[in-house]
Every structure is written in structure tokens, then in C-alpha cells.
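Enquirer:
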Amino acid sequence: MTVWRGCSMDSYYETGEFYPDTPCEVRISGGTIAVSYVTDDQFVVYEGPEIEPGHFELTAPKVSGRATLHRFQDDEVLEGSWSEDGLSGMWRIILEN
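All residue numbers for the sequence shown refer to the numbering used here, where the first residue is 439 and numbers rise by one.
Structure follows, in C-alpha cells:
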């Protein structure tokens, strides 16, 4: 299992809002990814399988969330889209320890 504890997440909303530098943790193990963070005093975990090398589909039942993340080779950046509770947008995670 590879764990990045000091990651930074940028969230872009379809409404034009931008939330930079949200701390998060990323774990990749055995073809599965998990991204966890705290927002509005709520602990959120998006988790899901690698559907193709570097391409993940995630869900977060707690917030009715669905997302994608993409990583090219051993790049330190994950990028994708998300939707939850009627909102949607894009996100970028910088992998750091």
C-alpha cells in the first residue's frame, strides 16, 4: 500500500467557485484508491477501483458522491471530475507526504 498523507486538493465547482489547498490523504493499494478529507466538520472518503491503469472510479456513499481520478504513469498529480448532492465539478490532487 502506498499512502500520501500530506496531499493538497483543489476543487472547482460548475458554479464557478474554487476551493484550493484542502488537505487530504490518498491511499492506493491492490487496484483500489481511497481519498479522505474533512469538509464542513464531516469526514469524507471517496473510494473505488482502478478500471484501467491510472484510471479510477470512486464513490462516497456518505455524501451521495461519484467521481473519477486519472493519474498518468507515476505522476504526482491526480485529476478528474466529481458530483455529490446535486453539485458537480472537477478536482486536482497533488500527491505529497
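Heads up, the beta-carbon is just placed ideally off N, CA and C, and yes, glycines get one too.
Quick caveat: nothing in here was measured; it's all calculated off a predicted structure.
Quick one: what's G503 bridged to in DSSP?
Expert: A498
Enquirer: Can you tell me whether R443 is buried or exposed, with buried defined as 16 or more other CB within 10 angstroms of its CB?
Expert: exposed
Enquirer: How should Y484 be labelled, buried or exposed, when 16 other C-beta atoms within 10 angstroms of its C-beta is the threshold for buried?
Expert: buried
Enquirer: Quick check: what's the CA-CA separation for E455 versus P491?
Expert: 31 Å
Enquirer: CA-CA distance, E463 and Q480?
Expert: Cα atoms of E463 and Q480: separation of roughly 15 Å, rounded to the nearest angstrom.
Enquirer: Identify, in the order they occur along the chain, each residue of the same chain with its Cβ nearer than 6 Å to the Cβ of E517, setting aside the five sequence neighbours on each side.
Expert: H508 and R530
Enquirer: How many Å lie between Y451 and G527 at the Cα?
Expert: 4 Å
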